[in-house]
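J.: Supplied in structure tokens, the structure appears directly below.
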Amino acid sequence: MKLELTKKQYRRLLDMVYIGNWILNSTRGEDRFTDYDDLESLLFSRAKDEGMGSLAEVWRGVVVPSRAFAEGGIHEAIMEYENNVFFEILAEDLARRDMDDPPIDETNYDELTRRIDDYMAEFEEHGTDNILIDADK
């Protein structure tokens, strides 16, 4: 297969590959999806040829994203995504809990979305500051 990209497109592709591999493998420990690691390595191995050598380095004989790449802002984008997803999942879980976790259908969907919206408004204003548990139980 041959794929032609501009330098800007290639750079964006590196970001996307890194983010995708991070999501798939960052929590897997030794049980990584190595085929994704291999693809990431292949794509980053071309960085030097494209004048972007600072984006890749060799670690234990394998081409990986460089520390400069990883510390260059990509993790801020990942953290923003994770933060948003965290609050969306939490809001939905709490809303479903408040409703005694019924199956959602057209009769209660509007109530669920209203409750989710209420929780999201709370999180936007106060984060998790108002979430408390009774530690004495």
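Using UniProt numbering, you'd call the opening residue of the sequence shown number 1 and step up by one each time. Even for Gly, the Cβ is constructed at its ideal location relative to N, Cα and C.
1. Leaving aside the five residues before and after residue 93 along the sequence, list all residues of the same chain whose C-beta is less than 7 Å from its C-beta, in chain order.
2. Relative to the C-alpha of residue 52, which residue among 60, 59, 65 and 61 is closest?
3. Can you tell me which of the three DSSP states residue 56 falls into?
4. May I ask which residues mark the beginning and end of the beta strand (DSSP E) holding residue 65?
5. Pairing CB atoms from the region 64-83 with CB atoms from the region 9-18, are three or more of them under 8 Å?
6. Report yes if the C-beta distance between residue 24 and residue 33 is below 8 Å; otherwise report no.
7. Considering Cα atoms alone, identify which of 57, 83, 50 and 40 is closest to residue 8.
8. Do residue 91 and residue 116 come within 8 Å of each other at the CB atom, strictly closer than that value?
9. Can you have a look at residue 21 and say buried or exposed, based on whether 16 or more other CB atoms are within 10 angstroms of its CB?
10. Note down, one range per segment and in chain order, each alpha helix (DSSP H) of at least 4 residues found wholly within the region 84-126.
11. In three-state DSSP terms, what is residue 30?
12. When you compare the CB positions of residue 19 and residue 89, do they come within less than 8 Å of one another, or not?
T.: Walking through what the data contain:
1. So no residue of the chain qualifies.
2. 65
3. strand
4. Segment 62-65, the beta strand (DSSP E) holding residue 65.
5. yes
6. Their beta carbons are under 8 Å apart, which means residue 24 touches residue 33 by this criterion.
7. 50
8. yes
9. It is buried - the Cβ of residue 21 has at least 16 other Cβ atoms within 10 Å.
10. 109-126
11. Under the three-state reduction of DSSP output, residue 30 falls in the coil class, being neither helix nor strand.
12. no
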